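Read through the structure below, which is laid out as structure tokens, and then see the notes.
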Amino acid sequence: MYRSHNCGQLRMSDVGSEVTLSGWVQKGRDLGGLTFVDLRDRYGITQLVFNMDEDDDLCTKARKMGREYVVQATGMVKERSSKNPNRATGDIEIEVSSFNVLNESKVPPFSIEDETDGGDDLRMKFRYLDIRRSPIQNNIIFRSKLSLETRKYLSDQGFIEVETPFLIKSTPEGARDFVVPSRLNQGQFYALPQSPQTFKQILMVAGIDKYFQIVKCFRDEDLRADRQPEFTQIDCEMSFVHIEDILSTFEGLAKHLFKHTLGIQLEDFPRISYDEALQKYGSDKPDLRFDMSFVEMNTFAKHPGFSLFDEAELIVGICAKGIAEQYSNKDLKDLTEWLQRPQIGAKGLVYVKYQADGSIKSTIGKFYSDEVLLSWAEKFGATKGDILFILCGETEKTRKQLSELRLELGRNLGLMKAVDFKPLWVLDFPLLEWDEEAGRFHAMHHPFTSPKKDDIPRMLNGDHDTMKSLKADAYDLVINGAEIGGGSIRIHDRALQSRNFDLLGFSKEEAEAQFGFLLGAFEYGAPPHGGLAFGFDRLCAVMNGQSSIRDFIAFPKNNQGRDMMIDAPSAIHDVQLKELCLEVKVDKKV
Ligand code: ASP
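Count the sequence shown with my numbering and you get residues -3 to 586, in order.
Here's what the structure looks like:
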């Protein structure tokens, strides 16, 4: 028997019993007569004490144990004289009578404690050591609980978990595919799925009715800070549903997950349209933990002679409450410079300070009287002590810039509390997005998304400009400014699907070659259907108030898409290349 208890289990009620524990040495403290060792496993840390006076030999042996040695210790549970209230086992310790070193360890390359000194790549290279640290371990345990609760909820709702293949067909639409060469079909390639989209739709044609899968998806994109080439989705599809059925089912899922993992009861999720989200927050994933919504000023702020405003397509501002005293001229200058960085690219920042004494101070005081500026303050609902921040220029850019400023202020003013959860649905996305550079439409969600019912005749018969105004039956779930998931009601009619491919620039032959199987299936009684997918890694991170998904993935890749632990990707042997009929490079290292 390696252990009678785990390292997080023993309490005062166990005092007096003899126990055996196994675990890793977190650290030791040698206090002359006594040697203390913290023994750690997944469940916690228990203090071992070796008493020199009682057994000299034992103590000498104990002193030789290094950090991360794997040890088995037997002894009596004793009440501690100096208790540690921060530890569940902090009232007791084990007075060791015998112990075994089960395995030795090299000195770890970084400290295995809650706060570590290890850099990202080092921690990924020694991921097994990193996972021993409780912040990472807790994340992984949380993830396991979340997937269990997801399965519970969805199966209670009648969903069936179906696995779809990983070796599928490459389609150029969307992100770049990872491809896998086929040995048996030389010169041909599989692709790893970016999502099981077409398969889950086919499952609806097949009568499965309610499908889900917690599934890996693969996208070969340039990696931004928080992207992983492989990530996990909770992927779902339902038949005979309207938007309302989907929103209520998955709002239910989100509420269930918050309740059963965090003990938080979420209120009903507000809904706003895509257009309104852009107009009020400059973003289709607004963070609603604080208000600071946009006020458009074109109707009252134009001023003959003030060309900055006169020539702008949009003048728009936000009101930051109660910061007029707190924000010095230097702070405002810093904020302006922050906005002018190329990443954001604002030309400048106009502000109107409504000072505590009721006076007005503004960068545009030369052009507007105090009364006018006061009347603006009123329109913003501002009171003494507030500052209005105003940007102007081309609509889309200006909204984006003001959205960045809004978030920056939210962060600086402590308005984005990690444990405050503000979910919402964003609805009515455009169906198509015009790509000026490529001179073609892209699907805003994906090519299988249905236009709103009322827009179908316009889609079938309208001109080019009409296409830009079509709305889709598509929706996103956003929590605290992060897109947690999205989906749509699908097209289930062959003619409409063909028209959509047409608009997206597919020739008849291309559409047939790539999606013939789906179009074919639509000829055999496809039910109306729709679905969505939640980003599982992102959901884990957001629920834990963290911005990075990396530490919720047991074995993540770094920013170059590399697995630092197994050192992948790597070259393959010439023999393998030959078998796959791929070019053999002579100078490559294997
Ligand atoms: N397949 C979509 C995605 O991966 C989600 C959906 O439409 O269900 O984003």
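For glycine and all other residues, C-beta sits at the position ideal for the given N, C-alpha and C. Only a predicted model underlies this, so the values are computations on that prediction, with no experimental measurement involved.
Query raised in the report: Would you say L249 touches the ligand ASP, meaning its beta carbon is less than 6 Å from a heavy atom?
Result: no
Query raised in the report: Should the region 477 to 487 be regarded as contacting the region 445 to 454, the criterion being three or more beta carbon pairs within less than 8 Å?
Result: yes
Report task. Mind the definition here: the region 251 to 258 touches the region 141 to 150 only if three or more C-beta pairs lie below 8 Å; say whether that holds. Result -> yes
**Report entry** DSSP-derived helix/strand/coil call for N134
**Finding:** helix
Requested in this report: Pick helix, strand or coil for I568, following the three-state DSSP scheme.
Outcome: coil
Query - As assigned by DSSP and simplified to three states, the class of V586 - result: Bear in mind that the predicted position of V586 carries a pLDDT of just 48, short of 50, making it unreliable; the figure below should be weighed with that in mind. If DSSP states are grouped into helix, strand and coil, V586 belongs with coil.
Requested in this report: Determine the contact status of L395 and G278, defining contact as a CB-CB distance below 7 Å.
Outcome: The identity of residue 395 in the sequence shown is Arg, whereas the question assumes Leu. Yes, they are a contact pair.
Requested in this report: Run the CB neighbour count on V175, radius 10 Å, all protein chains shown included, and call it buried at 16 or more, exposed below.
Outcome: exposed
Query raised in the report: How big is the Cα-Cα spacing for G458 and D450?
Result: 13 Å
Requested in this report: Name the residue from E309, L401, P131 whose alpha carbon lies nearest to the alpha carbon of R337.
Outcome: L401
Report task. For the ligand ASP, list every residue whose C-beta falls under 5 Å from any of its heavy atoms, going in chain order. Result -> S191, Q193, G483, G527, L528, A529
Report task. Just mark P81 as buried or exposed, buried being the case when its beta carbon has 16 or more other beta carbons within 10 Å. Result -> exposed
**Report entry** Span of the beta strand (DSSP E), counted from its first residue to its last, around V92
**Finding:** 88 to 99
Query raised in the report: What's the gap between the Cα of Q193 and the Cα of G259?
Result: 32 Å
Query raised in the report: Under a three-way DSSP split, which group does I311 fall into?
Result: strand
**Report entry** Validate contact between the region 163 to 173 and the region 206 to 225 using beta carbons, cut 8 Å, 3 pairs
**Finding:** yes
Query raised in the report: So, using beta-carbon positions, are L576 and P177 closer together than 7 Å?
Result: yes
**Report entry** Residue range of the alpha helix (DSSP H) that includes A517
**Finding:** 504 to 517
Report task. Leaving out five residues on either side along the sequence, give the residues of the same chain with a beta carbon under 8 Å from the beta carbon of K380. Result -> A320, Y350, Q351, A352, D353, G354
Query - the region 236 to 247 touching the region 520 to 538, judged by at least three CB pairs closer than 8 Å - result: yes
Requested in this report: Could you name the residues of the same chain whose beta carbon sits closer than 8 Å to that of T16, not counting the 5 residues immediately before and after it, in chain order?
Outcome: M(-3), Y(-2), R(-1), S0, H1, Q68, A69, T70
Report task. Tell me whether I230 sits in a helix, a strand or coil according to DSSP, three-state version. Result -> strand
Query raised in the report: Hey, how far is the Cα of L573 from the Cα of Q182?
Result: 11 Å
Query raised in the report: Mapping DSSP to helix, strand and coil, what is R(-1)?
Result: coil
Query raised in the report: When DSSP labels each residue in this structure, what does S289 get in the three-state scheme?
Result: coil
Query raised in the report: Which value, in whole angstroms, describes the spacing of the CA atoms of V312 and P419?
Result: 25 Å
Report task. Have a look at the DSSP bridge pairing and note the partners of G521. Result -> None, per the DSSP bridge assignment.
Query raised in the report: Among residues of its own chain, excluding the 5 on either side of V586, which ones have a beta-carbon nearer than 6 Å to its beta-carbon?
Result: Any reading at V586 needs caution, since the residue's pLDDT is 48, under 50, leaving its predicted position unreliable; the model's value is listed next. Only A567, H569 meet the Cβ criterion.
**Report entry** Limits of the alpha helix (DSSP H) - the one that M200 falls within
**Finding:** 193 to 201
Query raised in the report: Of the choices L384, W20, Q43, R38, whose alpha-carbon is the least far from that of D26?
Result: Q43
Report task. Note down, one range per segment and in chain order, each beta strand (DSSP E) of at least 3 residues found wholly within the region 8 to 60. Result -> 14 to 27, 30 to 37, 40 to 47
Query raised in the report: In this structure, does DSSP put P338 in helix, strand or coil?
Result: coil
Report task. Check each candidate in L369, P282, F195 and name the one with the smallest Cα separation from G512. Result -> F195
**Report entry** Segment contact, 8 Å Cβ cut-off, at least three pairs: the region 31 to 39 with the region 49 to 67
**Finding:** yes
Query - Buried or exposed (CB count within 10 angstroms, at least 16 for buried), Y149 - result: buried
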